[in-house]
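These notes concern the structure reproduced below.
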Amino acid sequence: MSSRFVIEGGNPLKGEVHISGAKNSSLAIITAAALAEDGVSVLENVPHDTDVATMCLILRRLGVNLFFDKQGRLHIDGRGLNQHQAPYDLVRKMRASFYTAGVLLTRLGRAEVPLPGGCAIGSRPVDYHIRGFSQMGADVTIEHGFMKASCRKLQGAKVYINRSSVGTTVNLMLAASLADGTTTLENAAKEPEVVDLAIFLNGMGAKIRGAGTDVIRIEGVESLHGIEYSVISDRIEAGTYMLAAAITGGEVTVKNLVLEHLRSPMIKLEEAGIVIEKGVNEVTVSAPNGLRAIDVETSPYPGFPTDLQQPLVAALCLADGTSVIRETIFDRFRYVDELRRMGADVKVERETAIIRGVKQLTGAPVEITDLRAGAALTIAALAAEGRTEIYGIDVIDRGYEHLEEKISALGGCIMREHTTEVTDLFSHIQEVKA
Ligand code: UD1
Numbered sequence: 405m406s407s408r409f410v411i412e413g414g415n416p417l418k419g420e421v422h423i424s425g426a427k428n429s430s431l432a433i434i435t436a437a438a439l440a441e442d443g444v445s446v447l448e449n450v451p452h453d454t455d456v457a458t459m460c461l462i463l464r465r466l467g468v469n470l471f472f473d474k475q476g477r478l479h480i481d482g483r484g485l486n487q488h489q490a491p492y493d494l495v496r497k498m499r500a501s502f503y504t505a506g507v508l509l510t511r512l513g514r515a516e517v518p519l520p521g522g523c524a525i526g527s528r529p530v531d532y533h534i535r536g537f538s539q540m541g542a543d544v545t546i547e548h549g550f551m552k553a554s555c556r557k558l559q560g561a562k563v564y565i566n567r568s569s570v571g572t573t574v575n576l577m578l579a580a581s582l583a584d585g586t587t588t589l590e591n592a593a594k595e596p597e598v599v600d601l602a603i604f605l606n607g608m609g610a611k612i613r614g615a616g617t618d619v620i621r622i623e624g625v626e627s628l629h630g631i632e633y634s635v636i637s638d639r640i641e642a643g644t645y646m647l648a649a650a651i652t653g654g655e656v657t658v659k660n661l662v663l664e665h666l667r668s669p670m671i672k673l674e675e676a677g678i679v680i681e682k683g684v685n686e687v688t689v690s691a692p693n694g695l696r697a698i699d700v701e702t703s704p705y706p707g708f709p710t711d712l713q714q715p716l717v718a719a720l721c722l723a724d725g726t727s728v729i730r731e732t733i734f735d736r737f738r739y740v741d742e743l744r745r746m747g748a749d750v751k752v753e754r755e756t757a758i759i760r761g762v763k764q765l766t767g768a769p770v771e772i773t774d775l776r777a778g779a780a781l782t783i784a785a786l787a788a789e790g791r792t793e794i795y796g797i798d799v800i801d802r803g804y805e806h807l808e809e810k811i812s813a814l815g816g817c818i819m820r821e822h823t824t825e826v827t828d829l830f831s832h833i834q835e836v837k838a
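Going by the working numbering, the residue at position 267 of the sequence shown is 671; the numbering climbs one at a time, nothing skipped.
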C-alpha cells in the first residue's frame, strides 16, 4: 500500500532536533563489516531507514548473519558469507548495493551483481567500479544484466578514478583491503563517509592511508576482524533541518552534527541571510530577516553537496531576488515541476536552475521523484500556505529516519496516511530471543 504526507504549512519550526547516523556511511560500513572472517561487528548510530534495511537483507541473502538488538545496535557476523550472486529483487532498489561486488570478489573470488539501472536522477553508470576491478586482476563480463567477475586473488593496482566518485572509492577500498599488495586510488572521493569507512576498516585491521585526500593507499592484509563502531552523523539530514528552520521563519537547534562536514553549505546558507550560531556539536539556525538570493554550484566534497541542492532550491523559492543553481553531479531538477505546482517560479536550462523568489508558496498535491526531492517538497510544504499532499513518500523513508516525528516535535503539522514498509522491513532484522 502506498502512503502520503499531508502537511498544513505555516508553522515556524521551533525547538531541537537530534541528527541520526549517516545513511551513506552506514551503507558502506555495513557492507565492510561482511569482510570480517573473525568476530562480530557491532554498529551504533545506524539509522533505521529503508536503504539500510535493504542492504541488511541483501547481506543476509549472501549468508551474513545480522540483527538489530533492542538498543538499536546492528550486529554483523560476516563469517557465513558464502553466496556469490546478489539478488536482483533487492539490489534493484538501491544503487549502493553494488558495494557487495567489492566484498564478494575479495572474499569469495567471485561476484555476480545486477547492474544498477537508471533512476530518477538520471543514468548512474558503474563503469569506474568495473574498470577498477579489472585493473586489480578480475575477469569481468557483463551478461544478462549482471556484472560477473572472478579472480583467484585480487592484486593491488594503481587506479585512476576518472571523476571523483564516492561509490567507486568505497567499492575499491572494500576490494583492496584483502587484496595482495598495495592499491593506490588516485582522484579518490574525499567525502566524510569515505573517511568514516577508512577508520572503520582500519579498526578491523586494514591498512588504509590518505582517506580524506584525493590519493588513498590500501595495503592489502590477510584477514579482518569485527569491531564495535559508531557511525558519523548525517550531514545531509542536518542541512535539511537547517533549511527547514530558515524557510519556515523558525529557530531550530540542530544537535549531534559535525560542523566541519557542513562547512561549505554553512557558508552559502549564511550568504543567503541565514543566521547560524555555532556550538560544539550543534548549531542554532534562524532567518529573522528572511532569505536572500544566492548562486551555488554543486561539486564533490568539500564543495556544496548535490544531496542538499534540492532542499536549498526549495528554500530559495522564497528568497528575495533571483538565485542561480548549477547542478554538476546528477540530472536532479525533475522535482522542480512539483515546486512550480506550489507557486514557485523556477526555470531550468540544462544543468542550471534559475529561481525567482516569490512572496508565498501555496499547498498543492505533489509527487516525489527521488529521495532529496522528497525532502525539498516537504520543507516547501511546511512553509507554504495551506495543505500539501505529498505522494510517493516511501522514497523519503530511504534516507530520513523518523522524519514526521522529528518535524512534529518541532511544531510542524505533518501526518502520514496509509501504511509504510519501514516497520515490516525492520521486523525481519530484530534479534529473536529464544
Ligand atoms: C554517492 C551518494 C549520493 C551522492 C553522490 C554524490 C551514497 C550511497 N550515495 O552516490 O547520495 O549524491 O555520492 O555525492 O553514498 N559515475 C560514473 N561512473 C561510475 C561511477 C560514477 O560516471 O562508475 C559518475 C556519476 O554518474 C556521477 C558522478 O560520477 O555523475 C559521481 O557519482 P558517485 O560519487 O559515484 O555517486 P554515488 O556513489 O552513486
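All C-beta atoms in this analysis are idealised placements derived from N, C-alpha and C, irrespective of residue type, glycine included.
Quick caveat: nothing in here was measured; it's all calculated off a predicted structure.
Looking only at its own chain, which residues have a Cβ that is under 7 Å from the Cβ of residue i, when we skip the five neighbours before and after it?
i, result
"Arg736", "Ile525, Thr710, Gln713, Gln714"
"His629", "Ala440, Asp442, Gly443, Met608, Gly609"
"Arg613", "Arg621"
"Gly413", "Gly767, Ala785, Leu786, Ala787, Ala788, Glu789, Gly790, Thr792"
"Leu509", "Ala515, Phe537, Ala542, Ala553, Cys555, Leu558, Ala579"
"Ala642", "Ile423, Val658, Leu661, Leu666"
"Glu755", "Arg730, Glu731, Thr732"
"Gly747", "Val762, Gln764, Leu765, Thr766"
"Glu821", "Ser407, Arg408, Val410"
"Asn469", "Asp481, Gly484"
Exposed or buried, which one is residue i when buried takes at least 16 other CB atoms within 10 Å?
i, result
"Ser581", "buried"
"Gly419", "exposed"
"Pro692", "exposed"
"Asp455", "buried"
"Ile758", "exposed"
"Gly482", "buried"
"Pro529", "exposed"
"His452", "buried"
"Gly725", "exposed"
"Val619", "exposed"
"Thr458", "buried"
"Arg408", "buried"
"Thr773", "buried"
"Arg511", "buried"
"Asn428", "buried"
"Glu406", "Residue identity differs from the one stated: residue 406 is Ser in this sequence, not Glu. Per the 10 Å Cβ criterion, exposed."
"Val750", "buried"
"Gln684", "Per the sequence shown, residue 684 should be read as Val rather than Gln. Val684 is exposed by the Cβ-count criterion."
"Asp531", "exposed"
"Ser831", "exposed"
Could you pull the DSSP bridge partners for residue i from this structure?
i, result
"Lys810", "Lys810 is not bridged to any residue."
"Ser727", "Ile759"
"Ala515", "Ala553"
"Asp795", "Note that residue 795 is Tyr in the sequence shown, not Asp. In DSSP, Tyr795 forms a bridge with Arg408, Glu771."
"Met819", "Val410"
"Phe543", "A quick correction: the sequence has Asp, not Phe, at residue 543. Answer by DSSP bridge pairing, in chain order: Ser554."
"Ser690", "Glu655, Val679"
"Arg496", "Its beta-bridge partners do not exist; DSSP assigns none."
"Lys751", "Ile758"
"Phe537", "The partner list for Phe537 (beta bridge, DSSP) is empty, contrary to what the question assumes."
"Val700", "Ile729"
"Asp845", "Missing from the structure shown is residue 845; the chain here goes from 405 to 838 and no further."
"Leu589", "Val563, Ile620"
"Glu789", "Thr766"
"Gln834", "Phe472"
"Phe708", "Thr702"
Can you find the residues in the same chain that come closer than 6 Å, C-beta to C-beta, to residue i, ignoring five residues on each side of it along the sequence?
i, result
"Met388", "Because the chain spans 405 through 838 in this model, residue 388 falls outside it and cannot be assessed."
"Gln369", "Look at the range of the chain in this structure, 405 to 838, and you will see that residue 369 is not part of it."
"Thr587", "Gly560, Ala561, Ala580, Ile622"
"Ala718", "Ala780, Ile783, Ala784"
"Gly506", "Asn575, Leu578, Ala579"
"Glu448", "Arg477, Ser634"
"Val598", "Thr573, Ala615"
Taking 8 Å as the limit between beta carbons, can you name the residues of its chain near residue i, skipping five residues before and five after?
i, result
"Ile462", "Ala490, Pro491, Leu494, Val495, Ser501, Thr504"
"Arg745", "Ala768, Pro769, Val770"
"Val421", "Tyr645, Val656, Thr657, Val658, Lys659, Lys810, Ala813, Leu814"
Are the C-beta of residue i and some C-beta of chain C separated by less than 9 Å?
i, result
"Gly607", "The structure shown contains no chain C, having only a single protein chain."
Is residue i near the ligand GTP, with its Cβ less than 8 Å from a heavy atom?
i, result
"His665", "The ligand GTP is absent from the structure shown, which contains only the ligand UD1."
Contiguous beta strand (DSSP E) assignments of at least 3 residues, all confined to the stretch 413 to 491: Taking only runs of at least 3 residues, the beta strand (DSSP E) segments lying wholly in the stretch 413 to 491 are 418 to 422, 445 to 448, 469 to 472, 478 to 481.
Complete runs of the beta strand (DSSP E) confined to the stretch 601 to 682 [at least 3 residues]: Within the stretch 601 to 682, the complete beta strand (DSSP E) runs of at least 3 residues are 611 to 613, 619 to 623, 632 to 634, 655 to 659, 679 to 682.
Cβ contact (3+ pairs, closer than 8 Å) linking the stretch 590 to 598 and the stretch 566 to 582: Result yes; three or more Cβ-Cβ pairs closer than 8 Å.
At least 3 beta-carbon pairs within less than 8 Å: the stretch 681 to 691 vs the stretch 632 to 650: Result yes; three or more Cβ-Cβ pairs closer than 8 Å.
Inter-stretch contact at 8 Å, needing at least 3 Cβ pairs: the stretch 552 to 570 / the stretch 636 to 643: Three or more beta-carbon pairs separated by less than 8 Å are not found between the stretch 552 to 570 and the stretch 636 to 643, which leaves the two stretches without contact.
Three CB pairs or more closer than 8 Å across the stretch 512 to 521 and the stretch 545 to 553: Between the stretch 512 to 521 and the stretch 545 to 553, the count of Cβ pairs shorter than 8 Å is three or higher; the stretches touch.
Contact the stretch 432 to 439 vs the stretch 670 to 679: 3+ CB pairs below 8 Å: No, the stretch 432 to 439 does not touch the stretch 670 to 679.
Cβ contact check for the stretch 695 to 703 and the stretch 725 to 733: 3 or more pairs under 8 Å: Taking one beta carbon from each stretch, the stretch 695 to 703 and the stretch 725 to 733 have 3 or more pairs nearer than 8 Å; the two touch.
Stretch pair the stretch 797 to 812 + the stretch 774 to 785: three plus CB contacts closer than 8 Å: Taking a cut-off of 8 Å for Cβ pairs, the stretch 797 to 812 and the stretch 774 to 785 touch, as three or more such pairs fall below it.
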